[in-house]
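The next block holds one structure in the form of structure tokens; read it before the comments.
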Amino acid sequence: MTPDPEPAGHRVADVDTVRSAMRYSTLEGLFASQYVSTTTTSMLVGFLLALGASVTQVGIAAALPLLGGLFQPLGAELLRRRKGWRKGQCVGGVIIDDVLWLVSIVSVVFLPAPTAVIAVLCILALQQIPVHSSLLAWQSWISDLIPPRVRGRYFGRRNFVVNTFGAVMAIFAGQFVEHIGDNAVWSFLVVIMIGMTARGISAYFLNKQPEPFPAVETPSHPVGRFKDPFRHGPFRKYLRFISRWEFSSQIVAPFFIVYMLQDLDLGLGFVTLVAALATVANLISQQFWGELADRFGNRQVLKTTCAVLVIEPLVWLFTGSTGMGLYLVVAIHLLNGFASGGFLLANANLMMGLAPRTGQSSYFAVQASLKGVSAAAGPVVGGVLLDRILGPIIPTGDLLSSFGILFVLGFILRSVGLFALRRIPEQTLVPDLHISVLISEFARSFSSTQGFGLLLQSFTIEPHLDNETIEDALEDMARNQH
């Protein structure tokens, strides 16, 4: 795992290194997405409900990965002690995470259901340490490899391929569990073990990924390093936005699945199917949003996608298990997937763009910590509201049931979060992304001929970037670092 040394002061990479990084990062992401699709979101919720977990316990499970951001300062300190080398930290985190899932499986097999739920939650909490302490190293690693000017196009393509594979695996997993029976715990265990195998394969490709010479950071006191992001005006405004947005999103998002399974009684097979449709919409949108982010800036893409996501909780009030209500469930997932694709892409690129390369690990760690605490508080508060406050006093089946009131609250809080985005400055001088431009670009990208070509091109491992484009992006990256 020893990286090839590169003299300080030279460019962080060359064209061949960038292409190799793109290829291996996409292959790693393919198998990591299979792991994610079989061990998180709807599969994890179904697994916990099959074990007899309460809504509050489901909320806690949803909060744990978000709260894991608190461990990113630990990752930053490990990165500093390793003098910036990141490969070993990332691969080690993947292996430890896999081993802990094995402990969870053993717990479920040998412990009674109520105790097994608690054991799984405790192990999920422990898993956040290796996962999030290595995530920061990965962000720093990949931001050194992929030049900012082509990140939108690369990650748009990478996310398309990765999410396609994950969506297909999620459909197969959901149908397998549905065929066996929603309450057959052992079927979930089989799916999880397949995901663990994919996780191991992803570690192999992660280890093959090249690692450039890390930036040399000026020695400083740990407390001082973690104060720097709050002294950086634009980054401080970004932190204010992301913390508000994550809380407002997560107070309702995990409970859409619970609502479909319990109130609408739609079944895990249907839930995983519409979740896969959301992923398809997400992946189809990736290249579209990536090109818009490169042309109009990440902040404007964020503003557009957040405006769509704000209204999502309100639309859930009119869903049902039959007729138009059921079609609306499908439509919500498609719209959410399309908008979320742009949000995730632009948010990651905006964060990497606002953080200076020297000392960036501290910026990433602070962002992850604030984002994690805010996001983790959401499902815990939402779960307590449903289980302890709204559930006992409000009958189910009404338009404004306990879930309905929570959805209205989510709409209000998301609107507040969107307002904070307006204060973040754009990174570069870019044209405005007006609604007319957005519609025109959408029509152009998804016309019958160009859209089909876009779909076929998106299944390639690397984006269609010529050497000159990458070379120019690397030169621009080098100028900005000096």
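With numbering that gives the first Met the number 0, letter number 248 in the sequence shown gets 247, and the count goes up by one each step, no holes.
Glycine included, every Cβ here is placed at the ideal spot set by N, Cα and C.
Checklist entry - Which residues in the same chain have their Cβ closer than 6 angstroms to the Cβ of M195, if we skip the five residues on either side of it in sequence? => result D97, W100
Item to check | Reference V17; option with closest CA among V161, V415, E210 | outcome: E210
Item to check | Classification of D143 by the beta-carbon crowding that lies within 10 angstroms, buried from 16 upward | outcome: It is buried - the Cβ of D143 has at least 16 other Cβ atoms within 10 Å.
Item to check | 8 angstroms contact criterion, which W315 and F406 should meet: CB distance rounded | outcome: 5 angstroms
Checklist entry - Excluding sequence positions up to five away, which residues of its chain have a Cβ less than 6 angstroms from the Cβ of P228? => result Within the same chain, and ignoring the five residues on either side of P228 in sequence, the residues whose Cβ sits closer than 6 angstroms to its Cβ are F234, Y362, V365.
Next on the checklist: Can you tell me whether Y34 is buried or exposed? The criterion is at least 16 other CB atoms within 10 Å of its CB, across all chains shown.
Outcome noted: Label assigned to Y34: buried.
Checklist entry - Can you tell me whether DSSP reads V17 as helix, strand or coil? => result Helix at V17.
Checklist entry - To the nearest whole angstrom, what separates the beta carbons of N297 and A345, a pair I think is in contact under 8 angstroms? => result 4 angstroms
Checklist entry - Less than 9 angstroms separating the beta-carbons of E245 and A374? => result yes
Checklist entry - Sorted by chain position, which residues of the same chain lie with C-beta nearer than 6 angstroms to Q456's C-beta, five sequence neighbours on each side aside? => result Only weak support is given to the placement of Q456: the predicted model assigns it a pLDDT of 49, under 50, and the question is left unresolved by the model.
Checklist entry - How many angstroms separate the CA atom of S414 from the CA atom of V309? => result Cα to Cα, S414 sits roughly 6 angstroms from V309.
Checklist entry - Can you tell which of R294, E311, L408, K226 has the C-alpha that lies nearest to the C-alpha of L369? => result K226
Checklist entry - Does the segment 53-72 come close enough to the segment 271-281 to have 3 or more Cβ pairs within less than 8 angstroms? => result By the Cβ rule, the segment 53-72 does not count as touching the segment 271-281, because fewer than three pairs are nearer than 8 angstroms.
Item to check | CA nearest to the CA of G340, picked from P146, R157, T321, R148 | outcome: R157
Next on the checklist: Am I right that I191 and T39 are in contact with their C-beta atoms under 8 angstroms? What's the rounded C-beta distance?
Outcome noted: That pair is no contact at about 11 angstroms.
Checklist entry - Just the Cα atoms here: how many angstroms apart are W140 and V273? => result 34 angstroms
Item to check | Proximal residues to F269 (C-beta, below 8 angstroms), its chain only, five neighbours per side dropped | outcome: M259
Checklist entry - Contact between the segment 166-178 and the segment 285-297: three or more CB pairs below 8 angstroms? => result no
Next on the checklist: So, with DSSP's three-state summary, where would you put I250?
Outcome noted: coil
Item to check | Close beta carbons around L398, own chain, < 7 angstroms, minus the five adjacent residues each side | outcome: Here the model assigns L398 a pLDDT of 49, short of 50, so the residue's position is not dependable, and the following value carries that caveat. Contacts found: L316.
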